[in-house]
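Okay, so here's the structure we're looking at.
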Ligand SMILES: *Cc1c(COP(=O)(O)O)cnc(C)c1O
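Residue numbers (this note's numbering): 46 to 402.
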């Protein structure tokens, strides 16, 4: 009996991407086996953390890495690290930032909501957010002006399809502006694991990545970057990072997922996923009342989604959700957006059958 039947809960088809309310992603059998092997055992957690750092460094080319509970936690902890460093008294004092530079500069268009506002994740560390520019545009001058304040602790940037669709901020240029000002730069690239090399190449001190999104590990946040910054992140484990710590099974799962990632044929994966979404869009286009097109990921992730233009997107999405099995898609004012990564051929066929209905 499958786990859903055993628990009496829905076995949903998730065509809405790496969605937190739906369990995010599917881990491979090798990752699941590593997690199961870790759970009944004790570990010296510092040893696991050192191993994770070496493994993240090897897989990404960064100097070091740390695993924390999730990417939202990674944001809070990275901001804490920028403010407190490794100083035990400062680590213990947070979120009290009296006598510490505590302003975090964020381009206004990088204020995003992934189920929580990232501004709150920053403020949780005790910091204050200073928004630079407008949602449509944050120029180098806007950024330099915001960074000029004496109380700036760091620059925070986001690489995601959730950022405002205005004029994009040049991440490498923004990082250089932070470094000219002598403060670290952090990039939230939660759903961007396949682009980690590109994000690290901006020179950011830390790139924050979700393990459970495109890496397929258990829930985990990876802080990837400079040795010194990662050491400051790990130091927060005895401060506000305590409630955001990684579990032993998460670290072991991340190690297995990184091994698998390095052994994988990424070009073949991209080709298979592209063929899956193209075939789906072609079949959906043949259905009455549906116009289908392909939509490459706007942040540059090697993932293409299917956009179905229909008369009543909200109504159709509600009917898909109400059926058996429930099907979850992304809803836009004039269309439905479907991501098929990690769906089986049977599940894709089920979606087409239900669209016919
Ligand atoms: C998903 C997401 C997060 C949150 O990631 P968790 O690992 O679920 O905490 C943060 N930032 C962005 C841009 C995201 O897409």
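For glycine and all other residues, C-beta sits at the position ideal for the given N, C-alpha and C.
Item	Value
Return the Cβ separation of residue 246 and residue 268 in integer angstroms, given the expectation that the two are a contact with Cβ distance under 8 Å.	Going by Cβ atoms, the distance from residue 246 to residue 268 rounds to 17 Å, so no, they are not a contact pair.
Exposed or buried, which one is residue 327 when buried takes at least 16 other CB atoms within 10 Å?	exposed
Any contact of the segment 144-151 with the segment 170-184, i.e. 3+ C-beta pairs under 8 Å?	yes
Using alpha carbons as the reference points, say which of 120, 364 and 282 lies closest to residue 135.	282
Roughly how far, in whole angstroms, is the beta-carbon of residue 392 from the beta-carbon of residue 122, given that I think they are within contact range, below 8 Å?	In fact, because the Cβ distance is near 36 Å, the residues do not count as touching under 8 Å.
Under a Cβ-count criterion, where at least 16 other Cβ atoms within 10 Å of its own Cβ denotes burial, should residue 52 be classed as buried or exposed?	exposed
Does DSSP classify residue 177 as helix, strand or coil?	strand
Taking Cβ positions, are residue 276 and residue 253 nearer each other than 8 Å?	no
Count the other CB atoms, across all protein chains shown, that sit within 10 Å of the CB of residue 228; report buried if there are 16 or more and exposed otherwise.	buried
Please report whether the beta-carbon of residue 252 lies at a distance below 8 Å from any beta-carbon of chain D.	This model lacks chain D altogether, as it is built from one protein chain only.
Would the segment 292-305 count as touching the segment 363-370 if we require 3 or more Cβ pairs under 8 Å?	no
Just the C-alpha distance for residue 76 and residue 198, rounded to the nearest angstrom, thanks.	37 Å
Have a look at residue 222 and residue 108 and give me their C-alpha separation to the nearest angstrom.	22 Å
Whether or not the segment 369-385 and the segment 345-358 are in contact is what I'm after, with contact meaning three or more pairs of Cβ atoms, one per stretch, closer than 8 Å; do they touch?	yes
For residue 231, report the span of its beta strand (DSSP E) as first-last.	230-233
Specify, as a first and last residue, the run of the beta strand (DSSP E) that residue 354 falls within.	349-354
Can you tell me whether DSSP reads residue 162 as helix, strand or coil?	strand
What distance in whole Å lies between the Cβ atoms of residue 204 and residue 295, which are believed to be in contact at a cut-off of 8 Å?	That belief does not hold up - the Cβ atoms of residue 295 and residue 204 are roughly 23 Å apart, past 8 Å.
How big is the Cα-Cα spacing for residue 314 and residue 70?	16 Å
Any contact between the segment 88-97 and the segment 308-325? By contact I mean 3 or more CB pairs, one from each, below 8 Å.	no
Along the chain, which unbroken stretches of the beta strand (DSSP E) at least 3 residues long are found entirely within the segment 217-287?	230-233, 251-255 and 266-270
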